[in-house]
Amino acid sequence: QYAGFDHSITLHMGAWGHCSIDLAAGRAVAFLAHNLAEQPALVSRYLLNTVLTNFIIASGYGFLHATGLVREDKALLLMAPHNSGKSTSALRLVFAGYALLSDSMIFVDGRAGSLRLYGFPVGQFKLRADMLNRFPQVAHLLESQPIRGEIKHVADLRQLDPGLAHERYFQPAEIRLCLLSLSHESKSSLRPAAAEEVHQAIMANSLFYDDAGVWRQNLEQIGRLLERAQAAHLAVGRDTAGLVQTVDTLWQ
Numbered sequence: 010q011y012a013g014f015d016h017s018i019t020l021h022m023g024a025w026g027h028c029s030i031d032l033a034a035g036r037a038v039a040f041l042a043h044n045l046a047e048q049p050a051l052v053s054r055y056l057l058n059t060v061l062t063n064f065i066i067a068s069g070y071g072f073l074h075a076t077g078l079v080r081e082d083k084a085l086l087l088m089a090p091h092n093s094g095k096s097t098s099a100l101r102l103v104f105a106g107y108a109l110l111s112d113s114m115i116f117v118d119g120r121a122g123s124l125r126l127y128g129f130p131v132g133q134f135k136l137r138a139d140m141l142n143r144f145p146q147v148a149h150l151l152e153s154q155p156i157r158g159e160i161k162h163v164a165d166l167r168q169l170d171p172g173l174a175h176e177r178y179f180q181p182a183e184i185r186l187c188l189l190s191l192s193h194e195s196k197s198s199l200r201p202a203a204a205e206e207v208h209q210a211i212m213a214n215s216l217f218y219d220d221a222g223v224w225r226q227n228l229e230q231i232g233r234l235l236e237r238a239q240a241a242h243l244a245v246g247r248d249t250a251g252l253v254q255t256v257d258t259l260w261q
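Numbering follows our numbering, with no gaps: position 142 of the sequence shown is 151.
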């Protein structure tokens, strides 16, 4: 159970323990049952990640729920509703020369006059069970996790090759933001996306419940990203081999 008021947040985990977060002071205190404390992966996934993301947003960073990839000085951001093919498309691009910035959250900082993108968590990707046979090279790394009421298979690309994930912040010279969807056509395709379509997708995918001040801060940072980005609709076709060639045309 998750509750908050002003700068305070409380996480109640029943018999597992509880955590109090003071966003203004940048401090959190957690009391954990021994059987949870002995499982650091669970503590990280369900507690520390929540605490850290709240600290990051409270510190003035913008939050975007998107999959981010980088290549040279270019950043590619994929946005789509849950289970729309972001992770599988991203993994195909990773094995074609891109590096994964994040398969979940992109934090934006444009306060110093330049734009920096941060991925969180680093290196991690998620696959549905029906996608596993398409990526045999990562099969030995995958662990099952319950996510949003279903079982996903999760791994860290750095265990396969550290070069497949971008661990530091990224300062892009070019940004392409794609509203991703799955197509029944054979070939993948691109078409321009209007600013209003992008804003609607951001509100639908990156909404979190907070006060108006936090939302204004968040949208201000995202606005700085959108000023630099070119937006498109990316329809991923059944012929997945052609996806990389289609995406590469974004930079031409």
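A virtual CB, placed ideally from N, CA and C, is assigned to each residue, including glycine.
Query: Residue 141 versus residue 148: straight-line alpha-carbon distance, rounded; Result: 7 Å
Query: Under 8 Å between C-beta atoms of residue 78 and residue 99; Result: yes
Query: N- and C-terminal bounds of the alpha helix (DSSP H) containing residue 247; Result: Element bounds for residue 247: n/a, residue is neither H nor E.
Query: Inter-residue spacing [alpha-carbon to alpha-carbon] between residue 70 and residue 64; Result: 9 Å
Query: Distance CB(residue 201)-CB(residue 126) smaller than 8 Å; Result: no
Query: Same chain, Cβ closer than 7 Å to residue 265, five either side skipped, listed in chain order; Result: Limits of the chain in this structure are 10 at one end and 261 at the other, which puts residue 265 out of reach.
Query: Own chain partners of residue 27 with C-beta closer than 8 Å, once the 5 adjacent residues on each side are dropped; Result: 19, 20, 21, 39 and 40
Query: Helix, strand or coil at residue 23 according to DSSP, with G and I counted as helix; Result: helix
Query: One or two residues paired with residue 170 in a DSSP bridge; Result: None, per the DSSP bridge assignment.
Query: CA nearest to the CA of residue 178, picked from 189, 157, 215 and 83; Result: 83
Query: Cut-off 7 Å between Cβ atoms - residues of its own chain near residue 120, not counting five sequence neighbours on either side; Result: 69
Query: Unbroken beta strand (DSSP E) run spanning residue 83, endpoints; Result: 83-88
Query: Three-state secondary structure (DSSP) of residue 159; Result: strand
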